[in-house]
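Colleague:
Numbering (our numbering), first residue to last: 1287 to 1372.
#1: Specify, as a first and last residue, the run of the beta strand (DSSP E) that residue 1368 falls within.
#2: Report the rounded CA-to-CA distance for residue 1372 versus residue 1314, giving the unit in angstroms.
#3: So, does the stretch 1298-1317 touch the stretch 1349-1363, judging by three or more C-beta pairs under 8 Å?
#4: Under a Cβ-count criterion, where at least 16 other Cβ atoms within 10 Å of its own Cβ denotes burial, should residue 1290 be classed as buried or exposed?
#5: From the DSSP output, in three-state form, read off residue 1357 for me.
#6: Assuming the contact rule is C-beta atoms closer than 8 Å, residue 1382 and residue 1321 should be a hit. Round their C-beta distance to whole Å, please.
#7: Rounding to the nearest angstrom, what Cα-Cα distance links residue 1287 and residue 1304 in this structure?
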C-alpha cells in the first residue's frame, strides 16, 4: 500500500493525541510501547493478511493489518501514520 494520503506524526505526538481522545483507555506508556512494537514489526516487513504493508497506528491497537483492512476505507484521507513508517 502506498503511504500517500497519511499525515506523518511522531510516536510521542500521536501518544499525546491518543491520550486526549482516550484518557481512560490505557496508560501513555502502554500506548507508546504498542506503537513502538507495531513500528518494529512494520520495519521488519510485517504485512497484512491481504499482503499490504501494515498501518503502524492501527496495528498498534488492532493487530498487524493494513489501513484498508482495519478501517474498511480504500485509502487514507488525512489519517495519521507514524513518521518513521512513511
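All C-beta atoms, glycine included, are put in the ideal place defined by N, C-alpha and C. As the structure is a computational prediction, the values presented were derived from the model and not from experiment.
Modeller: According to the structure shown:
#1: As a working note, residue 1368 is residue 82 in the chain shown. Looking at the DSSP string, the run of the beta strand (DSSP E) that includes residue 1368 is 1366-1368.
#2: As a position in the chain shown, residue 1372 is number 86, starting the count at 1. As a position in the chain shown, residue 1314 is number 28, starting the count at 1. Taking the straight line from one Cα to the other gives about 23 Å.
#3: no
#4: Counting from one through the chain shown, the residue named residue 1290 turns up at place 4. So residue 1290 ends up on the exposed side.
#5: Here residue 1357 refers to the residue found at position 71 of the chain shown. Looking at residue 1357 - three-state DSSP - the assignment turns out to be helix.
#6: The requested residue 1382 is not part of the displayed model; the chain covers only 1287 to 1372.
#7: Taking the chain shown and counting its residues from 1, one reaches residue 1287 at position 1. Taking the chain shown and counting its residues from 1, one reaches residue 1304 at position 18. For residue 1287, the pLDDT reaches just 48, beneath the cut-off of 50, and the residue's location in the model is therefore unreliable, although a value from the coordinates is still provided. Approximately 24 Å between the Cα atoms of the pair.
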